[in-house]
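According to this note's numbering, the sequence shown holds residues 6 to 351 in order.
Just so you know, even glycine gets a beta-carbon here, dropped at the ideal spot from N, CA and C.
The structure displayed is predicted, hence computed values, not measured ones.
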Amino acid sequence: MSRATWIHLTKVSLVVAGAAAALAGVHALLPSTAWWARWLFLAAIVAVAVGLLREPAFKGWLADEASAYKGVRLPAGVMLTPGHGWVRPLDRHQLVLGADDLALRLLGEPERIGLPKRGRVVREGDTLFTLERSGRAVELRSPVDGTVLDVNDGLARGPALMAREPYEAGWAVKLLMSDSLADGGRLLRGQAARDWFRAEVDRLLGAVAGGTMADGGVLVADFHMHLDDELFGRVREDFFGSALDSWSWPRLGLRHLGGERVGRGIYWSIGDGTALELERCDVLPGDATRVYWRLSPLALLAAPPVAGFAVRLLLPVVGLAMIAGLGVEAVVTHGRRLVNWLGTRG
Numbered sequence: 006m007s008r009a010t011w012i013h014l015t016k017v018s019l020v021v022a023g024a025a026a027a028l029a030g031v032h033a034l035l036p037s038t039a040w041w042a043r044w045l046f047l048a049a050i051v052a053v054a055v056g057l058l059r060e061p062a063f064k065g066w067l068a069d070e071a072s073a074y075k076g077v078r079l080p081a082g083v084m085l086t087p088g089h090g091w092v093r094p095l096d097r098h099q100l101v102l103g104a105d106d107l108a109l110r111l112l113g114e115p116e117r118i119g120l121p122k123r124g125r126v127v128r129e130g131d132t133l134f135t136l137e138r139s140g141r142a143v144e145l146r147s148p149v150d151g152t153v154l155d156v157n158d159g160l161a162r163g164p165a166l167m168a169r170e171p172y173e174a175g176w177a178v179k180l181l182m183s184d185s186l187a188d189g190g191r192l193l194r195g196q197a198a199r200d201w202f203r204a205e206v207d208r209l210l211g212a213v214a215g216g217t218m219a220d221g222g223v224l225v226a227d228f229h230m231h232l233d234d235e236l237f238g239r240v241r242e243d244f245f246g247s248a249l250d251s252w253s254w255p256r257l258g259l260r261h262l263g264g265e266r267v268g269r270g271i272y273w274s275i276g277d278g279t280a281l282e283l284e285r286c287d288v289l290p291g292d293a294t295r296v297y298w299r300l301s302p303l304a305l306l307a308a309p310p311v312a313g314f315a316v317r318l319l320l321p322v323v324g325l326a327m328i329a330g331l332g333v334e335a336v337v338t339h340g341r342r343l344v345n346w347l348g349t350r351g
């Protein structure tokens, strides 16, 4: 059983154990409470459960380390860069970087990985490390300014490790950032990162197969063997080369497509199912997302993050109501006892 599977089972076990403990506590309290207080307990449990299921952070924590889309492993719990690297923050100033599975499928299992020297100072957009195979190479860039703290020496001895476990043991570089990652920089995370990554897989399949595989193709393990040098060069330039020199992300919601998937843009679906093309421009992901949501209030209400936020607003209301209800019940109960006691004394 893999490490990722063990981690996932541990998380599920913790959730089940916590739920069992909560139910046991509620069961012990129910016989001594009024009927309306029992309903408050039930409402609180339902609100907490729904809130957790809708909460992106909880879903990301509970998720497997990586899922798959058309044969490519999607990362969980990491942020993505425009040049197909992944980033996992260790704290506000340190982060670990590696190459995502799409980069590895394009090149194949690396035969050599060129890592930077410890202590090297890098600027945003500089080449950070290089993957090489059979005379071909893919360069991964740094998403931030910083200093190389450490590198994965295991990749020098066995570069295939990156292909086997790209998001865990196959990490490449640890960086100390010049500035904190408080705003996330030019990085995508969460559902936005997964949507973008899936769109990139479709775009790669479309570029290689002339659009015929964009909906049904799979990036198999030997995908790189079907690319001649000319096609590999074009694809590499499009996904990793000068096209990314502007180091920009797509802007959301620029043109409505009416559901037709055309062109080389990236596509997003929203709560009401509308398809929108994303065109590249110099806008940070957060800013673009805010612009997009302002354009579609109905989509905003249908979006899972907003629904989760509404549920989180409900939780304290239910909790306060439950506490107030129990307080009223205690006052009424003890008040009656006091009145009865005074009556017997009189």
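query, result
"Just how far apart, CA to CA, sit R199 and G124?", "32 Å"
"Residues in its own chain within less than 6 Å of V156 by CB, not counting five upstream and five downstream?", "L120 and V178"
"Would a C-beta distance cut-off of 8 Å place R138 and G163 closer than the cut-off?", "no"
"With DSSP as the reference, label L107 as helix, strand or coil.", "helix"
"Of all the options D227, L95 and V77, which has the alpha carbon lying nearest to the alpha carbon of M84?", "L95"
"Can you give the beta carbon distance from R128 to G88, rounded, assuming they're within the 8 Å contact cut?", "Rounded, the Cβ-Cβ distance is 14 Å, inconsistent with contact."
"Just to confirm before moving on: does the CB-CB distance between V77 and L111 stay below 8 Å?", "no"
"Do P171 and G103 have their CB atoms nearer than 8 Å?", "yes"
"Within a Cβ cutoff of 8 Å, which residues of the same chain sit near V92, ignoring the five residues on either side of it in sequence?", "V83, M84, L85, T86, L100, V101, L102, P148 and L192"
"May I ask you to report which of helix, strand or coil DSSP gives E180?", "As written in the sequence, residue 180 is Leu, which differs from the Glu given in the question. DSSP places L180 in strand when its eight states are reduced to three."
"Ignore the nearest five residues each way along the sequence and tell me which others in L79's own chain have a CB closer than 8 Å to its CB.", "A71, S72, A73, D106, R199, F202 and R203"
"Alpha carbon to alpha carbon, what distance is there between K122 and R239?", "30 Å"
"Report the three-state DSSP secondary structure of D155 (helix, strand or coil).", "strand"
"Starting from the C-beta of A165, find all residues in its chain whose C-beta is less than 6 Å away, skip the five residues before and the five after it, and write them out in chain order.", "E114"
"So if DSSP puts Y74 in a beta bridge, which residue, or which two residues, is it bridged to?", "V77"
"Could you tell me whether the Cβ atoms of L224 and V206 are closer together than 8 Å?", "yes"
"If you check the beta carbons only, do F237 and R141 fall under 8 Å apart?", "yes"
"Identify which residue in T349, L209 and N345 has its Cα closest to the Cα of H231.", "L209"
"Bridge partners for Q99 per DSSP, in chain order?", "L181"
"Can you give the Cα-Cα distance for R342 and G195, rounded to whole angstroms?", "55 Å"
"Going by other Cβ atoms of all chains shown within 10 Å of its Cβ, with 16 needed for buried, is V344 buried or exposed?", "exposed"
"Quick check on V126: buried or exposed, where buried means 16 or more other Cβ atoms within 10 Å of its Cβ?", "exposed"
"Using the beta-carbon count (16 or more within 10 Å), is A161 buried or exposed?", "exposed"
"Taking only three categories from DSSP, how would you classify L232?", "coil"
"What residues are listed by DSSP as bridge partners for P94?", "L100"
"State the Cα-Cα distance for the pair R241 and F228, rounded to the nearest angstrom.", "14 Å"
"Excluding the five sequence neighbours on either side, which residues of its own chain have a C-beta within less than 8 Å of the C-beta of D131, listed in chain order?", "R146 and S147"
"When you compare each of A81, G222, L109 and D150 to R169 by their alpha carbons, which one comes out closest?", "L109"
"Are G159 and M182 closer than 8 Å when you measure CB to CB?", "no"
"With burial defined as no fewer than 16 other Cβ atoms inside 10 Å of the residue's Cβ, what is the status of L347: buried or exposed?", "exposed"
"Which complete alpha helix (DSSP H) runs does the segment 111-140 hold, if anything under 4 residues is left out?", "none"
"Compare the C-alpha of F245 against each of A174, L136, G175 and G222 and name the closest.", "L136"
"Count the other CB atoms within 10 Å of the CB of A197; is the residue buried (16 or more) or exposed (fewer)?", "buried"
"Taking buried to mean at least 16 other C-beta atoms within 10 Å of its own C-beta, is A226 buried or exposed?", "exposed"
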